[in-house]
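A.B. asks:
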Amino acid sequence: ALEGTHKTLFRQFSNRHLRAIKALIPGRKQKKALATVNTCLSELEDFCSGISLIRELSDRSIAKVLSYGELLSAIILTEVLRTHSINARFVDSRKIISTDDTYLFGKVDFEETNRLIKKSINKQTTQVLPGFIASTKDGKTTTLGFGGSDYTASILASALHARRLEIWSDVDGM
């Protein structure tokens, strides 16, 4: 029963992202987004199958699985912006936000993170980054915990000495 459940959830997750591409990107321009998203979905499917086979779910595995929603959303948004002639660039936040190996509530190494952000962010283009996710120094995916997407924006704003940071939310509360 568990194996069937993960396959059903994966199919729903995949369909949601593929529908978003079809709804937001004109037909001729969907090819790149579909290729990138399908590659990510294939990786996720393999990873989930592995978890199902070994029947073990560590914090490290949870962090990796959780990362895909943010990654796919940022990839799709980047392509949507490009279809509207906006010079957009996807930046994988796992490459520029460095944490310890507390996989679900990573503690940010600000010295390394600030260095990576300053080196990687090009202020001449629109940068699209997944929030909430980061990685250890050796590249293992971590998350920043509850509120991690807002935290990601704050980390970037601080490192880039932004004059202003606006966070818009459709979630009730503060």
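Going by my numbering, the first residue of the sequence shown is number 15, and it counts up by one from there.
Glycine included, C-beta positions come from ideal geometry on N, C-alpha and C.
1) Quick one: Cα of ILE90 to Cα of ALA47, how far?
2) Got a sec? Which residues, its chain only, sit under 7 Å from ALA4 by beta carbon, not counting five neighbours each side?
3) SER112 and THR127 - do their beta-carbons sit closer together than 8 Å?
4) When the Cα of THR157 is compared with those of ILE181, TYR117, THR140, PHE124, which residue comes out closest?
5) Give, in chain order, every unbroken run of the beta strand (DSSP E) that is at least 3 residues long and sits entirely within the stretch 125 to 163.
6) Please go through the same chain and pick out, in chain order, the residues whose beta-carbon is closer than 6 Å to the beta-carbon of ARG74, but skip the five residues on each side of it.
7) Just curious, the alpha helix (DSSP H) that PHE104 is in, first and last residue?
8) How would you label SER163, buried or exposed, when you count the other beta carbons within 10 angstroms and need 16 or more for buried?
9) Starting from ILE65, trace the alpha helix (DSSP H) both ways and give me its first and last residue.
10) One question on the structure: do SER87 and PRO40 come within less than 8 Å of each other, judged by their Cβ atoms?
11) Please determine, among ARG103, LEU95, LYS154, the residue with the shortest C-alpha to C-alpha distance to LEU2.
12) Give the DSSP bridge partners of SER245, in chain order.
C.D. replies: By the coordinates alone:
1) 6 Å
2) Outside the shown range of the chain, which is 15 to 188, sits residue 4, and nothing can be said about it.
3) yes
4) TYR117
5) 140 to 142, 147 to 150, 155 to 157
6) TYR117
7) Note, PHE104: premise wrong, no alpha helix (DSSP H); beta strand (DSSP E) at 102 to 104.
8) buried
9) 44 to 68
10) no
11) In the structure as shown, the chain begins at 15 and stops at 188. Residue 2 is therefore absent and cannot be evaluated.
12) With the chain covering 15 to 188 only, the question about residue 245 has no answer from this structure.
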